Amino acid sequence: MMTFGSYLLTGFAALLAVPTAVFLFEVLAASFLSKAELIFDAEPDPRGRVAVLVPAHNESVGLQPTLADLKSQLRSGDRLLVVADNCSDDTAEVAASMGAEIAVRNDPTKIGKGYALDWGLNYLAANPPEIVIVIDADCRIEVGTIDRLATACEKLQRPVQSLYLMTAPIDSQINHQVAEFAWRLKNWVRPLGLSALNLPCQLMGTGMAFPWDLIRSAELSSGFIVEDLKLGLELAYAGHAPVFCPSARVTSSFPYSAKGARTQRQRWEQGHVGLILTKALALLYAALKQRNLNLLALTLDLIVPPISLLGLILALAFLGAGIAWFLGFSAHAVTISAISLAMVVGATALAWLSYGRDILPLKSLALIGPYFMSKLRLYSAALTGHRVSLWVRADRDKSDPSPGE
């Protein structure tokens, strides 16, 4: 019985070593191999017509800066469409005042960004563009981003994902430095590492460009809370894996309040972990059966949970294996867990040295403890059945009258 228990513990530790190794290789590739920052510069040559699709749910407060950024980057023949989805504010009126086309959708039985995107595509179908670019309604768009995305998408005929970063709002109630670094790690460092290895990246929900025929054939009508992640995996399964274009940049801000930030994180992490539990094995099988390297890479990237959660699981595994070793079980599980834990810590430190010191200086590392404790409360809430399932607007500004997520 003790031998069987040793095998189980060792197998579990080896299983956890897989996402740990994926995370380490991504960070190493981003830190030492990446030249992806130099690709996909916009070209002055004519390109296909672009439709920028902006799904918006009660976004009138911050919509104007987003639309102003977009309008300044459109060429003749391009279109700007705002889908005012189940709005109770004046989102549609604000968008119209900025010169955007408006598609209003009201269906409280079907709430989700996917439904809004599908509605927008149906609106565009009467006069379809060559390229569709999806931008969230609360984003700022760096100059040249639309042309860079369109150029890359047209050349490759594949989905293209911009660099999407989150920043702390001015006068926020909470310190977002650790969260900002964690976001960089997920949305910049790891995709950059995959790109350096000539592999695709996950879709991130905004700053995404698609060839019209490809996005029109995708199944978008759902309330899935991480619809972007799911869509990228489905496209990779069909042979159209997304490409990372870090020279195109989109930014947004974290929620202003602690409640909004907590609910936002819960929604993201709940959706990600749910996708791992429900889809990862099937996707891994499909990738191996198809010999689809791109799908395999994205599936392995998918199974890397949020780093705080991965670190917590590894620490508990190490502790449990240590107790079992003390009771007479094999030391193999302890060794593997210790190595995995060291790999996560080392890779995170390397990512911080390469990409995080400007937003998380050495003097601010003490903030990691409170951040980790907030994550423990989040995971505890998830385990006790608290779920977030609706597409709601984040409280991005201290003057925002909405209650946050």
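Start counting the sequence shown at 21; every next residue gets the next number (the working numbering). Here a beta-carbon is modelled for each residue, glycine too, at the ideal position from N, C-alpha and C. Quantities reported herein were computed from a predicted structural model and do not represent experimental measurements.
- Every alpha helix (DSSP H) of 4 residues or more that sits fully in the stretch 283-348 is shown, in chain order, as 313-322, 327-346.
- In the structure shown, the three-state DSSP call for residue 236 is helix.
- Between residue 38 and residue 73, the C-beta spacing is not below 8 Å.
- If the five residues before and after residue 217 are omitted, its C-beta is found closer than 6 Å to the C-beta atoms of 49, all from its own chain and listed in chain order.
- Contact annotation: residue 300 and residue 220 have beta-carbon atoms that are not nearer than 8 Å.
- No Cβ-Cβ contact shorter than 8 Å links residue 264 with residue 334.
- Each of 197, 170, 184 was checked against the Cα of residue 178, and the nearest Cα belongs to 170.
- Residue 258 sits in coil when the DSSP states are folded into three classes, being neither helix nor strand.
- If you draw a straight line from the Cα of residue 107 to the Cα of residue 384, it comes to about 40 Å.
- In this structure residue 79 touches residue 158 by the C-beta definition: roughly 6 Å separates them, less than 8 Å.
- With a contact defined as Cβ atoms closer than 8 Å, residue 165 and residue 227 qualify at about 7 Å.
- At the C-beta level, residue 293 and residue 327 stay beyond 8 Å of one another.
- Check the Cα spacing between residue 134 and each of 47, 75, 223: the tightest is with 75.
- The three-state secondary structure of residue 120, taken from DSSP, is coil.
- Boundaries of the beta strand (DSSP E) around residue 266: 263-273.
- Looking at the DSSP output, residue 230 bridges to 152.
- In the three-state scheme derived from DSSP, where H, G and I count as helix and E and B as strand, residue 388 is classed as helix.
- The beta-carbon distance between residue 115 and residue 83, rounded to whole angstroms, is 6 Å. This is short enough to meet the 8 Å contact definition.
- Separation of the CB atoms of residue 380 and residue 197 is rounded to 5 Å, and the pair is thereby assigned contact status at 8 Å.
- The alpha carbon of residue 67 has as its nearest neighbour, out of 375, 173, 247, the alpha carbon of 173.
- Taking 8 Å as the upper bound for CB-CB distance, residue 229 and residue 180 are in contact here, some 4 Å apart.
- Assignment of residue 190 by DSSP, reduced to helix, strand and coil, places it in the coil class.
- Under the three-state reduction of DSSP output, residue 184 falls in the strand class.
- Here residue 101 is bridged, per DSSP, to 73, 121.
- Bridge pairing for residue 160: 271 [DSSP].
- Of the residues assessed, residue 392 falls on the exposed side of the cut-off, its CB having fewer than 16 other CB atoms within 10 angstroms.
- Comparing alpha carbon positions, the residue from 51, 249, 145, 376 closest to residue 203 is 376.
- When Cβ pairs closer than 8 Å are counted between the two stretches, the stretch 239-255 is seen not to touch the stretch 142-151, the count staying below three.
- Straight-line measurement puts the Cα of residue 32 at about 16 Å from the Cα of residue 297.
- Residue 353: member of the alpha helix (DSSP H) spanning 352-371, first to last residue.
- Only residues of its own chain outside the window of five on either side were considered, and among them 256, 257, 307 have a CB closer than 6 Å to the CB of residue 315, listed in chain order.
- Counting only the Cα atoms, residue 368 lies some 15 Å from residue 212.
- Taken through DSSP and simplified to helix, strand or coil, residue 129 comes out as coil.
- Within the model, the alpha-carbon separation for residue 29 versus residue 355 is close to 11 Å.
- Around residue 160, the same chain offers 85, 86, 89, 270, 271, 272 as residues with beta carbons nearer than 8 Å, after the five sequence neighbours per side are excluded.
- Boundaries of the alpha helix (DSSP H) harbouring residue 215: 210-216, taken from the DSSP string.
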